[in-house]
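Chemist:
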Amino acid sequence: MKGSKHKQSLNKILPSGKPENDFFNQVWELVRQIPKGRVTSYGAIAAALGAKSGARMVGWAMNSSFGQNPVVPAHRVVNRMGQLTGKIHFPTPTQMQEQLEKENIKVINDQIVNFEKHFWDPLKEL
DNA sequence: ACGCTGACTATTA
DNA sequence: CTAATAGCCAGCG
Numbered sequence: 001m002k003g004s005k006h007k008q009s010l011n012k013i014l015p016s017g018k019p020e021n022d023f024f025n026q027v028w029e030l031v032r033q034i035p036k037g038r039v040t041s042y043g044a045i046a047a048a049l050g051a052k053s054g055a056r057m058v059g060w061a062m063n064s065s066f067g068q069n070p071v072v073p074a075h076r077v078v079n080r081m082g083q084l085t086g087k088i089h090f091p092t093p094t095q096m097q098e099q100l101e102k103e104n105i106k107v108i109n110d111q112i113v114n115f116e117k118h119f120w121d122p123l124k125e126l
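Numbering-wise, the first sequence is residues 1 to 126 according to our numbering.
1) Taking Cβ positions, are I34 and P73 nearer each other than 8 Å?
2) Short check: CB of V78 to CB of V31, under 8 Å?
3) According to the Cβ coordinates, are G86 and M62 closer than 8 Å?
4) Take the Cβ of M96 as the centre, count every other Cβ of all protein chains shown within 10 Å, and call the residue buried at 16 or more, exposed below.
5) With distances taken from CA atoms, which of F23, G59 and T92 is nearest Y42?
6) How many whole angstroms separate the CB atoms of I105 and H89, which I take to be in contact at a CB cut-off of 8 Å?
7) From the DSSP output, read off the bridge partner residues of F119.
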């Protein structure tokens with residue numbers, strides 16, 4: 001048994017004394033599991049984690065996800081209406097739409113076309 | 001320590 | 001139909 005590490009240590013305590021296995025970390029892992037060409041909503045993620053914290057905290061977690069490794073595809077997370085409300089928090093407001101278009105997702109006027117067709121429900125798919 | 005804000009969502013008027 | 005408010009929880013001044 002050398003090194004058969006299925007899962008890396010989930011308990012990464014930061015020197016700040018803050019456990020990384022917070023709600024944030026759970027959100028990041030779930031977002032990373034979003035298949036390419038699919039999108040999900042904040043509420044869906046919150047619901048998948050138990051909806052204890054609320055959809056707002058999911059967006060807050062995304063803000064901390066920048067610079068994470070592996071990178072968190074925050075561009076695949078949109079609001080309930082398929083609107084790119086979070087693009088304003090990206091390094092550049094166009095990056096989110098650009099990334100989505102790279103994945104065959106069409107975005108018009110900050111709105112994902114055929115949103116429910118691209119919608120990926122963590123509760124249903126997982 | 002208290003209060004406000006915030007990448008949301010659902011409900012009521 | 002549209003508009004506004006309440007509920008949610010954690011970070012920041």
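Built from N, CA and C at the ideal position, the CB exists for glycine as well. Predicted, not measured: the structure shown is a model, and the values here were computed from it.
Modeler: Looking at the coordinates:
1) Yes, the Cβ-Cβ distance between I34 and P73 is below 8 Å.
2) With respect to V31, V78 sits apart: the two C-beta atoms are not nearer than 8 Å.
3) A contact, by the Cβ cut-off of 8 Å.
4) Label assigned to M96: buried.
5) Put simply, of F23, G59 and T92 the residue whose alpha carbon is nearest the alpha carbon of Y42 is G59.
6) That belief does not hold up - the Cβ atoms of I105 and H89 are roughly 19 Å apart, past 8 Å.
7) F119 pairs with V39.
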